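To start, the structure under review is shown below, and the notes come after it.
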Amino acid sequence: MEEQQLELNPNSVNGLSESTVPLDDDAPVLSSYALAALNEFLAEQQSHSAADSDAGETEEVALVSEDWRLSQFWYSAETARTVAEEVLSLCDGVDSRVACIACPTLYAYLKKMDPNVSLQLLEYDKRFEQYGTDYTFYDYNHPEELPSELKHSYKVVVADPPYLSKECLEKVAETISFLIQPGESFLLLLTGEVQKERAAEILGLHPCGFRPQHTSKLGNEFRLFSNYDPGMRLGGWEK
Ligand SMILES: C[S@@+](CC[C@H](N)C(=O)[O-])C[C@H]1O[C@@H](n2cnc3c(N)ncnc32)[C@H](O)[C@@H]1O
1 MEEQQLELNP
11 NSVNGLSEST
21 VPLDDDAPVL
31 SSYALAALNE
41 FLAEQQSHSA
51 ADSDAGETEE
61 VALVSEDWRL
71 SQFWYSAETA
81 RTVAEEVLSL
91 CDGVDSRVAC
101 IACPTLYAYL
111 KKMDPNVSLQ
121 LLEYDKRFEQ
131 YGTDYTFYDY
141 NHPEELPSEL
151 KHSYKVVVAD
161 PPYLSKECLE
171 KVAETISFLI
181 QPGESFLLLL
191 TGEVQKERAA
201 EILGLHPCGF
211 RPQHTSKLGN
221 EFRLFSNYDP
231 GMRLGGWEK
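What follows is the structure, given as structure tokens:
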């Protein structure tokens, strides 16, 4: 017997219709009752998958693929949302400027969660030029080679340096000093636990209880350090 194929009917919700049932004598024919049940089952499956992809669209943010040669490891959606919520609470509706140093995922979530927040992404990877004037090319090896209008302009600075070395942290710290505004300011650093002593020594930061997670499993434990006491947020402050 020839293999049977169901034709797709573009006018049907799920692509099946009675006319798709083969009519030759040897072929098994579905009763109209069975066909109705099958159609109902397929329609229900389709509505579930549509709902799933809608939910994905509102909760997840599309990112470019990771380039591990550039030490790119993107935050999990939950981590990106948690840090973005913290940054937005620091802005507290006031017209505060936020600088994201080498953390494009955070930039993308912030932009999605509050399109009105004033953001600058400093990044080495030029694929992020897609963010237009919000993007500034940045190489930590030249920590102050930045446009002068960025100088001392940011109330909130978040940094996630590409490497876990003292040299990299010192240079990123120079960039942070360049960017941060005088007076009240908030600094968040996401990096490996191994940088804990240096983060305290170089930048006066302390770890929070919250553990950043990534979409890929990393060998290093990551921490979030801050220059302020977040209270009950971010799992509290370890001082
Ligand atoms: C550890 S990842 C942090 C990304 C963050 N977890 C996220 O999801 O947005 C380090 C970042 O540093 C960037 N990077 C690589 N080389 C760099 C360089 N020479 N100067 C500045 N940033 C660099 C990478 O492109 C990457 O976005």
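So in the UniProt record's numbering, the last one in the sequence shown is 239, and the numbering has no gaps at all.
All residues carry an ideal CB built from backbone N, CA and C; glycine is no exception.
The structure presented is a predicted model; accordingly, all values stated were derived computationally and were not measured.
**Prompt:** Hey, out of Gln213, Tyr131, Gln195, Lys217, whose CA is closest to Leu169's CA?
**Reply:** Here residue 169 corresponds to residue number 169 of the sequence shown, with the count starting at 1. Among Gln213, Tyr131, Gln195, Lys217, the Cα nearest to that of Leu169 belongs to Gln195.
**Request:** Count the C-beta pairs between the segment 73-90 and the segment 121-135 that are closer than 8 Å, then say yes if the count reaches three, no if not.
**Result:** The segment 73-90, when compared against the segment 121-135, does not touch it at the 8 Å Cβ threshold.
**Prompt:** Going by the CB atoms, is the gap between Gln181 and His142 shorter than 8 Å?
**Reply:** Here residue 142 refers to the residue found at position 142 when the sequence shown is read from its first residue. Here residue 181 refers to the residue found at position 181 when the sequence shown is read from its first residue. Contact flag unset, no.
**Request:** Indicate the three-state DSSP secondary structure (helix, strand or coil) for Glu221 in the structure shown.
**Result:** In the sequence shown, residue 221 corresponds to position 221, counting from 1. In the structure shown, Glu221 sits in coil (DSSP, three-state: anything other than H, G, I, E or B).
**Item:** Where the beta strand (DSSP E) through Tyr135 begins and ends
**Value:** Translated into the one-based positions of the sequence shown, residue 135 becomes position 135. First-last of the beta strand (DSSP E) with Tyr135: 135-137.
**Request:** Look up Leu164 in the DSSP assignment and say whether it is helix, strand or coil.
**Result:** The sequence position of residue 164 within the sequence shown is 164, counting from 1. Residue state, collapsed to three classes: coil.
**Message:** Which of the three DSSP states is assigned to Arg211 in this structure?
**Reply:** Translated into positions along the sequence shown, residue 211 becomes position 211. Under the three-state reduction of DSSP output, Arg211 falls in the coil class, being neither helix nor strand.
**Asked** Can you tell me whether Val87 is buried or exposed, with buried defined as 16 or more other CB within 10 angstroms of its CB?
**Response** Within the sequence shown, numbered from 1, the residue matching residue 87 stands at position 87. Flag for Val87 reads buried.
**Asked** What first and last residue would you give for the alpha helix (DSSP H) that runs through Ile101?
**Response** What you label residue 101 is simply residue 101 of the sequence shown in a count that begins at 1. First-last for Ile101: 97-101, but that is the beta strand (DSSP E), not the alpha helix (DSSP H).
**Request:** Helix, strand or coil for Asp124, going by three-state DSSP, please let me know.
**Result:** Taking the sequence shown and counting its residues from 1, the one referred to as residue 124 is at position 124. Correcting the residue type first, residue 124 is Tyr in the shown sequence and not Asp. Tyr124 falls in the coil class under three-state DSSP.
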